[in-house]
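In the working numbering, the protein residues as written are 19 to 458. First the structure, in the form of structure tokens, and then the observations on it.
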């Protein structure tokens with residue numbers, strides 16, 4: 019007889035379960051607000067440049083064009099919803115710093131969501147620690163201090179997946195919201211369809227499961243279809259040569275490299291032993307796929323080929339290369355494949371309700387949609403992975419002892435320190451050096 023799916027047990031109602039995530043989100047909000055109110059206005063970081071040269075210009079043009087903003091061709095490569103939302107207060111006279119505070123609220127909300135869902139998935143109020151890497155991420159902080167679409171899109175898509183895993187309503191419309199901010203948000207559609215399939219009541223027919231999967235993803239597909247029809251392609255016309263001139267085959271290896279760097283601290287020694295105890299075929303196949311991803315196509319640093327942008331690419335640019343293949347990725351990609359396998363295996367065995375498989379599928383779909391972008395930039399994968407991998411680790415803790423929980427939380431702290439170390443040169447030092455009154 020097949021074992022019935024083990025549903026997520028309720029989390030004990032501890033004050034820590036409510037206060038710790040709120041405190042962490044508040045720290046992020048205050049830090050971003052101080053940077054907005056006291057910091058410089060120039061192109062301090064990559065996100066600041068994107069705000070000043072792209073997103074603010076779109077918001078201003080939409081504010082001037084209300085009630086009929088031009089959605090066919092504007093100065094952003096992403097879908098227009100975030101710009102439309104911010105153009106409303108802009109049209110009412112809210113200054114730029116006020117609009118940036120709204121971006122900071124989105125960043126704090128994302129940290130809060132990651133923490134609360136990790137607690138719910140893992141059944142432990144202390145799993146707020148799994149949101150620390152997100153809170154310290156340079157891409158979260160810079161994307162919340164300045165106006166971009168990365169943070170609000172990740173917030174909407176993560177909320178959609180959380181609603182599906184926790185059997186809440188609205189996941190389909192949250193997916194549509196995320197794709198209306200960034201059209202690439204369609205990568206979340208297959209995981210939501212998978213959760214709808216697993217979440218159907220026992221005895222539900224195959225056709226009913228299929229209809230449920232279609233219903234949860236259809237609004238997002240219709241929306242992206244309308245955008246493609248309006249634009250005549252996957253991006254607004256002005257950005258087609260940058261982002262829509264063909265796939266970037268280095269993206270799978272690069273993403274696996276990021277998974278290795280983010281995921282290794284979350285895999286405990288027992289988790290590694292569980293992976294080694296599997297039949298050899300699965301881990302061998304995963305490692306071989308990682309090696310192939312890093313060797314079949316060029317993976318060396320190359321701005322013209324779209325292989326640049328982010329700390330890992332900086333490391334790759336300084337690492338040995340053989341025949342345009344990065345030796346750094348040749349090492350990291352198979353490790354990333356094994357890490358993903360270990361996290362998905364443990365998560366699936368912990369609950370068997372589809373959550374582990376959905377999170378694993380989300381990682382693969384993220385990799386696929388980013389491959390379709392001509393630019394392989396770290397910022398496109400970093401924030402989603404800081405949601406998905408900690409949630410995989412949280413699900414995998416179900417049924418494990420205190421030692422395992424402490425191991426994962428310690429790994430999250432290490433990962434948070436690494437992210438904070440990256441934020442220092444990428445966000446904090448540029449803010450300080452460019453602050454008003456700072457000597458050149």
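Even glycine gets a Cβ: it sits at the ideal position worked out from N, Cα and C. Please read all numbers here as calculations on a predicted model, not as lab measurements.
Quickly, what does DSSP pair residue i with across the bridge? List them, please.
i	result
residue 339	344
residue 229	According to DSSP, which records beta bridges pairwise, residue 229 is partnered with nothing at all.
residue 394	325
Tell me which residue opens and which closes the alpha helix (DSSP H) that residue i is part of.
i	result
residue 388	373-389
residue 161	156-163
residue 264	Note, residue 264: premise wrong, no alpha helix (DSSP H); not H, not E.
residue 405	397-414
residue 84	Element bounds for residue 84: n/a, residue is neither H nor E.
residue 289	287-295
residue 313	299-313
residue 213	207-217
residue 184	Counting along the chain, residue 184 falls outside any alpha helix (DSSP H), and DSSP gives it neither H nor E.
residue 448	447-451
State the DSSP-derived secondary structure class of residue i, mapped to helix, strand or coil.
i	result
residue 419	coil
residue 320	strand
residue 144	helix
residue 325	strand
residue 201	helix
residue 112	coil
residue 171	helix
residue 92	coil
residue 442	helix
residue 61	coil
residue 370	coil
residue 253	coil
residue 69	helix
residue 273	helix
residue 283	helix
residue 332	helix
residue 238	helix
residue 220	coil
residue 352	helix
residue 151	helix
residue 98	coil
Go through its chain and collect everything with a Cβ distance to residue i's Cβ below 6 Å, but skip five positions before and after it.
i	result
residue 194	237, 238, 241
residue 353	278
residue 312	271, 347, 348, 351
residue 335	319
residue 450	none
residue 324	266, 392, 393, 394
residue 93	72, 75, 76
residue 425	286
residue 36	none
residue 410	361, 365, 377
Among residues of its own chain, excluding the 5 on either side of residue i, which ones have a beta-carbon nearer than 7 Å to its beta-carbon?
i	result
residue 170	100, 124, 199
residue 69	164, 165, 166
residue 130	39, 40, 43
residue 24	Only weak support exists for where residue 24 lies, its pLDDT of 44 falling under 50; the coordinates are left without a value.
residue 249	90, 255
residue 459	There is no way to answer for residue 459, as the model of the chain reaches only from 19 to 458.
residue 168	157, 161, 397, 401
residue 264	392
residue 22	Residue confidence for residue 22 is low, a pLDDT of 40 falling below 50, so the modelled location carries little weight; the figure read from the coordinates is stated next. So no residue of the chain qualifies.
residue 83	none
Using a Cβ-Cβ distance under 8 Å, would residue i count as near chain D?
i	result
residue 412	Of the protein chains in this structure there is only one, and it is not chain D.
What residues in its chain sit with their C-beta under 8 Å from that of residue i, if we drop five residues either side in the sequence?
i	result
residue 431	147, 150
residue 133	38, 39, 42, 43, 145, 146, 148, 149
residue 292	360, 363, 364
residue 301	293, 294, 356, 359
field: At least three beta-carbon pairs within less than 8 Å, the segment 147-157 to the segment 383-401
entry: Output reads yes: the segment 383-401 touches the segment 147-157.
field: Cβ contact (3+ pairs, closer than 8 Å) linking the segment 381-398 and the segment 412-430
entry: Pairwise C-beta distances place the segment 381-398 out of contact with the segment 412-430, as fewer than three of them are shorter than 8 Å.
message: Contact between the segment 171-178 and the segment 440-447 is defined here as three or more beta-carbon pairs at a separation below 8 Å; is this criterion met?
response: Touching, no.
Sufficient close CB pairs (3 or more, under 8 Å) joining the segment 74-87 to the segment 104-112: Yes, since at least three Cβ pairs between the segment 74-87 and the segment 104-112 fall closer than 8 Å, the two stretches touch.
query: Can we say the segment 384-392 touches the segment 202-209, given the rule of at least three CB pairs closer than 8 Å?
result: In this structure the segment 384-392 lies against the segment 202-209, because at least three pairs of beta carbons, one per stretch, are closer than 8 Å.
message: Count Cβ pairs between the segment 174-192 and the segment 210-219 that sit closer than 8 Å; are there 3 or more?
response: Between the segment 174-192 and the segment 210-219 there are three or more inter-stretch CB-CB distances shorter than 8 Å, so the stretches are counted as touching.
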